Amino acid sequence: MTDRRNLFHKVWELHSVRTLESGQTQLFIGLHLIHEVTSPQAFAMLRDRNLKVAYPDRTFATVDHIVPTDLQLRPFQDTLAEEMMSAIEKNCRDFGVTLFNLNDKRQGVVHIVGPEQGLTQPGMTVACGDSHTSTHGAFGAIAFGIGTSQVADVLATQTLAMARPKVRRIEVTGKLRPGVFAKDVILHIIRKLGVQGGVGYAYEYAGEVFDRMSMEERMTVCNMSIEGGARCGYVNPDQTTVDYIRGRPFAPQGAEFDRAASWWLSLASGPDADFDDRVSFAGEEIEPTVTWGINPAQAIGISELLPEVARFPADDQKGIREAYDYMSLSENTPIKGTKIDVAFIGSCTNGRISDLREAAQVARGKHVAPDVKALVVPGSQLVREQAMREGLDKIFEAAGFQWREAGCSMCLAMNPDKLQGREVCASSSNRNFKGRQGSPTGRTLLMSPAMVAAAAIAGQVTDVREMV
Ligand code: SF4
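Residue numbers for the sequence shown follow the numbering used here, so the first one is 13 and each next one is one higher.
Here's what the structure looks like:
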């Protein structure tokens, strides 16, 4: 008989413990990733109720959000950051949880270290107290960002109460043009479907463009599913997935790996799988894409003019004007040529080795424009080491970029890396909300790492295809 279930349905069913009175499902969580910001209150809740961590061997901690990326000497100058560090160290010690601390090469941004260590595997359910947990869906896992009280639920019971979302299949056909990257693909999808478009859905990304992507590129796409309103996003596991996981420290080894791999591949949505909705885009139509506003759907192709307010539905026009006012941009003008003050390459969206390679290719032999501060922040210590083995640090430093230690850095600016005043930042991160990068009036333009490198060199938003 034909199996009409898609991957999401299969994984959900395999992890369902029971249906609750509320109609929600109690879902078993295969992997729980924690970090220093959303875990202290959750551990406090456990202590209050005299509870243990139910599955310490399925719980892994790292430090990323608040760690400085220049001087990492302890105690940190920021006392709140130091308190959070001490808290996660004590909590992991007391509750028997493995911590990838600053003195451990495995440390880095939570959504980079999980896959890097082989912790994230197809068919898993993954939870983490961070919105961009959807990243792990790149492996054919279903991965949810959760709040602090849910972190406590997962620590205590290894389960979550959740309503099952619908599933939308998003196909991108054909091929990407040169200079167009995974970041452009997801910005294009969010632009077309809107920041609310995915509410109530899980997104399945399928089609030739995703089939051809590396795991790192798939992670970039899945990472931003949440920015399109989706509860999570995933790509079906294939040989690319299996090859990426093979040999990683927490992956199954030997014959066990082969058995696991054939099971992983069997989870993929079949050709007859049912979906609640389907949309399709042509890869050839996607340009290097840049955000101009205060949410990730407010984006355009680099050669386009900023959209006219009158072309938006009447209900949206007030918000569009607000975005233009905040960003000091105007309709019918090009985004290309917008002056920048800061360039940030990093984050769980684009802080992987392939991102640094793409940016270094643009930066090689050139120099950052005068008055632009440019930062390269590897997503993990292992990414940093790999980049240094390849000499990428030297390329960036010769071009005038600052080469930093691993962390979230200017993505969220809960650490010393912050915008000042009205600075404009070309950023490879995932959110351009007002104040996101540490200054209440700072302005963020999201784009691919290659486009950030090009903007850093030109001192303004530019088309990377004209620079390499
Ligand atoms: S890089 Fe940004 S989005 Fe990713 S985990 Fe850190 S703060 Fe969150």
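Each residue gets a CB set at the ideal place from its N, CA and C atoms; glycine is no exception.
From a predicted model like this one, the values you see are computed outputs, not experimental measurements.
6 Å Cβ shell around residue i - same chain, five flanking residues per side excluded
i	result
G419	D76, V79, T81
Y213	P177, K178, R180, A242
V388	I357, F408, F413, W415
E228	R364, S366
G471	A381, V384
Residue j beta carbon less than 8 Å from that of residue i
i	j	result
L279	G130	no
A54	L188	no
F356	S441	yes
A326	R203	no
G42	S146	no
A468	A381	yes
M96	E48	yes
P390	L424	no
Element boundaries [beta strand (DSSP E), containing residue i]
i	result
K178	178–185
L92	From DSSP, L92 is part of no beta strand (DSSP E) but of the alpha helix (DSSP H) over 91–107.
T493	Look at the range of the chain in this structure, 13 to 480, and you will see that residue 493 is not part of it.
S28	28–31
A2	Since the first residue of the chain shown is 13 and the last is 480, residue 2 is not available in this structure.
R290	289–294
K385	385–388
V480	Here V480 belongs to no beta strand (DSSP E), and DSSP marks it neither H nor E.
G157	154–157
Sheet register partners of residue i (DSSP bridge)
i	result
V321	DSSP, once it has assigned bridges, lists no residue as partnering V321.
S439	F356, L458
H44	T71, A139
V197	DSSP lists no partner for V197.
T345	Partner(s): none; T345 has no beta bridge.
Q472	K351
V247	Y217
T110	F72
Start-to-end residues for the alpha helix (DSSP H) that takes in residue i
i	result
G219	No alpha helix (DSSP H) contains G219, which DSSP labels as neither H nor E.
I257	251–257
F413	It is not in any alpha helix (DSSP H) - F413 carries neither H nor E in the DSSP assignment.
F269	266–278
T169	160–169
T303	Looking at the DSSP string, T303 is not in any alpha helix (DSSP H); the run it does join, the beta strand (DSSP E), is 301–303.
A311	Looking at the DSSP string, A311 is not in any alpha helix (DSSP H); the run it does join, the beta strand (DSSP E), is 311–313.
Close Cβ partners of residue i (< 7 Å) along its chain, the five nearest in sequence each way excluded
i	result
S28	T37, L39
V480	Q373, V374
T486	One cannot answer for residue 486 here, as it falls past the ends of the chain, which runs 13 to 480.
P68	F107, G108, V109
V207	E239, G240, G241, N307, P308, A309
*Could you tell me whether the segment 377–385 touches the segment 445–461, where touching means 3 or more Cβ pairs closer than 8 Å?*
no
_Inter-stretch contact (C-beta, 8 Å, three-pair minimum) for the segment 144–162 and the segment 244–254_ = yes
*Can at least three beta-carbon pairs, one atom from the segment 386–397 and one from the segment 117–133, be found at a separation below 8 Å?*
yes
*Tell me, please, whether the segment 328–342 touches the segment 460–475 by the rule of three or more beta-carbon pairs shorter than 8 Å.*
no
_Segment contact flag, the segment 297–312 with the segment 193–201, C-beta cutoff 8 Å, min 3 pairs_ = Enough Cβ pairs lie closer than 8 Å, so yes.
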